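Chemist: Using our numbering, the letters of the sequence shown map in sequence onto residues 1 to 372.
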Amino acid sequence: MRAERVVVVGAGPSGLAIARQLAHREGVDALVVDRAATPASSWRGRYDGFRLNTCGYWSHLPGQRIPRRHGRWPSRDAMVEYFDDYARRQGLRLRMGVAVLRIDRDGERWRVDTDHETLSAAAVVVATGNYHTPAIPPWPGMEGFGGDLLHSQDYRNASPYAGRDVLVVGSGNSATDVALQLAAHGARRIRMSVRTPPHLVPRSAVGVPVDAFSPAFVHLPVPVLDGAAAVMRRLRFGDLADAGLAMPHKGIYTALLEDAQIPTIADELVPLVRTGRIEIVAAVESFDGDRVALADGTVATPDAVIAATGYRRGLESMVGHLGVLDDDGHPTNAAGLWFSGYEEPLIGPLRAMRRQAAPVARAIARHLDDVE
1 MRAERVVVVG AGPSGLAIAR QLAHREGVDA LVVDRAATPA SSWRGRYDGF RLNTCGYWSH
61 LPGQRIPRRH GRWPSRDAMV EYFDDYARRQ GLRLRMGVAV LRIDRDGERW RVDTDHETLS
121 AAAVVVATGN YHTPAIPPWP GMEGFGGDLL HSQDYRNASP YAGRDVLVVG SGNSATDVAL
181 QLAAHGARRI RMSVRTPPHL VPRSAVGVPV DAFSPAFVHL PVPVLDGAAA VMRRLRFGDL
241 ADAGLAMPHK GIYTALLEDA QIPTIADELV PLVRTGRIEI VAAVESFDGD RVALADGTVA
301 TPDAVIAATG YRRGLESMVG HLGVLDDDGH PTNAAGLWFS GYEEPLIGPL RAMRRQAAPV
361 ARAIARHLDD VE
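1. May I have the straight-line CA-CA distance separating C55 from P209, to the nearest angstrom?
2. Any chance you could list the beta strand (DSSP E) runs of at least 3 consecutive residues sitting entirely within the stretch 305-355, in chain order?
3. Going by CA-CA distance only, name the one from Y47, S14, E344, V6 that's closest to A308.
4. May I have the straight-line CA-CA distance separating T176 from S152, to the nearest angstrom?
5. Please report how far the alpha carbon of P223 lies from the alpha carbon of A205, in whole angstroms.
6. How many Å lie between E26 and S120 at the Cα?
7. Of the residues A99, R233, D288, which one's Cα is nearest the Cα of W374?
8. Between which two residues does the beta strand (DSSP E) containing L149 stretch?
9. Nearest by alpha-carbon distance to A36: which of P349, L94, Q90 is it?
10. Assign D226 to buried or exposed, taking buried as 16 or more other Cβ atoms, counted over all protein chains shown, within 10 Å of its Cβ.
11. DSSP on Q261, reduced to helix/strand/coil?
12. Taking 7 Å as the threshold (C-beta atoms), are A99 and R5 in contact?
13. Does the Cβ of S391 have 16 or more other Cβ atoms within 10 Å, making it buried, or fewer, making it exposed?
14. Could you give the C-beta distance for S373 and L346, rounded to a whole number, given that I count them as a contact under 8 Å?
15. Are the Cβ atoms of V166 and P302 separated by less than 7 Å?
16. Going by DSSP, what residues sit across from L94 in a beta bridge?
17. Pop quiz: A158 and H185 are said to be a contact at Cβ under 8 Å. What is the actual Cβ separation, rounded to whole angstroms?
18. Compute the distance between the beta-carbons of R89 and W73, then report whether it is under 7 Å.
19. I'd like to know whether the C-beta atoms of Y161 and V178 end up nearer to each other than 7 Å.
20. Which residues in the same chain as Y82 place their Cβ atom closer than 6 Å to its Cβ, once the five residues preceding and following it in sequence are excluded?
21. Could you give the distance in angstroms between the alpha-carbon of Y57 and the alpha-carbon of G297?
22. Per DSSP, which residues does Q64 bridge with? Please list them.
23. Are the CB atoms of V281 and L294 within a distance shorter than 7 Å?
24. Use the C-beta contact count for L235: other C-beta atoms within 10 angstroms, 16 or more gives buried, fewer gives exposed.
25. Using a C-beta cutoff of 7 Å, does D327 count as contacting chain B?
26. With distances taken from CA atoms, which of A127, A23, L182, A255 is nearest V33?
27. Which same chain residues, not among the five before or five after A266, have their C-beta less than 6 Å away from its C-beta?
28. Helix or strand or just coil, what does DSSP make of E285?
29. Kindly identify the DSSP beta-bridge partner or partners of D165.
30. Excluding the 5 residues preceding and the 5 following Q261 in the sequence, name in chain order all residues of the same chain whose CB lies nearer than 6 Å to its CB.
31. Leaving out five residues before and five after D104 in sequence, what residues of the same chain have Cβ atoms less than 6 Å from its Cβ?
32. Does the Cβ of L180 have 16 or more other Cβ atoms within 10 Å, making it buried, or fewer, making it exposed?
33. Run through DSSP, which three-state label would L200 get?
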């Protein structure tokens with residue numbers, strides 16, 4: 001068993017940010033391990049054309065800005081380049097291709113079992129992120145569907161779907177991006193299956209990225225923020241109930257706090273919904289051969305179904321036995337064990353990771369002083 005002071009599980013942006021702050025602010029050399037071959041692997045798997053929905057100016061990690069040449073809304077490839085450069089320039093100690101299987105308490109330390117070796121650490125940070133395991137609902141009959149059925153993680157671009165009838169399941173930003181790409185590249189028919197109407201927001205207001213205002217928003221009372229967002233939506237997009245996008249019952253911030261429902265950037269979506277190029281339909285209930293039954297009793301017969309239905313954190317096998325997961329699989333910290341990057345904050349995940357990294361690193365350093 002090899003001893004380390006701190007092991008960080010996950011070389012995504014949150015893990016990189018905490019390792020950097022430990023090294024540069026607290027003088028603690030952490031070992032970062034990740035099952036993938038390269039840092040920020042989930043970003044490399046994003047579909048072609050993916051861009052940040054938060055402004056690059058505020059989405060950098062601590063100590064190193066995203067180069068301005070990448071523009072206001074950096075692309076997938078730009079972010080991958082940035083994360084690679086970040087790990088290198090910040091001098092982080094990475095061990096890639098190492099999967100953590102299980103974490104256990106071992107006296108005042110933690111035992112970290114990997115597929116290569118067992119590590120002993122005084123502190124562990126789990127930062128594998130919210131996008132670990134693609135989740136497709138267990139729709140009855142889906143195994144017998146004769147067309148293409150895939151999760152949005154496996155979608156790369158719209159080229160294979162030109163001239164085809166495609167049902168996109170979901171109403172978040174990934175579903176919207178996929179539907180827009182399909183519309184731009186010649187899909188014959190595009191339907192978006194929506195179970196819960198999304199909160200629609202513009203990317204910018206009066207030429208300023210909406211996320212520029214987020215730090216001020218978080219200090220407002222929840223009802224005030226919910227009401228202001230509803231007014232902004234009506235002014236920007238009008239009434240879309242007849243098109244299938246009714247105003248949600250919960251306010252925008254309430255839905256974020258209670259359900260982790262992220263608002264959908266809708267500047268390009270709304271015009272195509274209004275013209276019928278993208279049709280909003282009811283939730284998927286089941287499959288029967290090539291037929292897809294929807295919640296309102298109608299039936300669709302698409303050539304392909306792309307499920308933009310989210311991800312699971314996949315923490316159960318690693319830490320589920322420790323009693324640190326709630327009923328929804330959301331983790332909570334324990335003595336010497338931290339979880340980072342599992343929130344959906346109003347200010348955007350990358351900005352939140354940057355802000356949270358220093359306090360977490362400070363807490364870890366204090367813990368090391370106590371146990372070493």
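Backbone N, C-alpha and C define an ideal beta-carbon position, used for all residues, glycine too.
Predicted model only: the values in this text are computed from it and were never measured.
Modeler: Let me lay it out:
1. Going by the C-alpha atoms only, they are around 7 Å apart.
2. Inside the stretch 305-355, DSSP marks whole beta strand (DSSP E) runs of 3 or more residues at positions 337-339, from first to last along the chain.
3. Y47
4. 11 Å
5. Those two C-alpha atoms are separated by around 21 Å.
6. 20 Å
7. There is simply no residue 374 to check, as the chain begins at 1 and stops at 372 in what is shown.
8. 148-151
9. L94
10. Under the 10 Å beta carbon count, D226 is surrounded by 16 or more other beta carbons and is classified as buried.
11. coil
12. no
13. With the chain covering only 1 through 372, there is no way to say anything about residue 391.
14. Here the chain comprises residues numbered 1 to 372, so residue 373 is not present and cannot be evaluated.
15. yes
16. V32, per the DSSP bridge assignment.
17. 4 Å
18. no
19. no
20. Here the set comprises I66.
21. Straight-line Cα distance between these residues: approximately 46 Å.
22. L61
23. yes
24. exposed
25. The chain labelled as chain B is not found in the depicted structure, where only one protein chain is given.
26. A127
27. The residues are L200.
28. Strand.
29. R189
30. A255
31. R111
32. buried
33. strand
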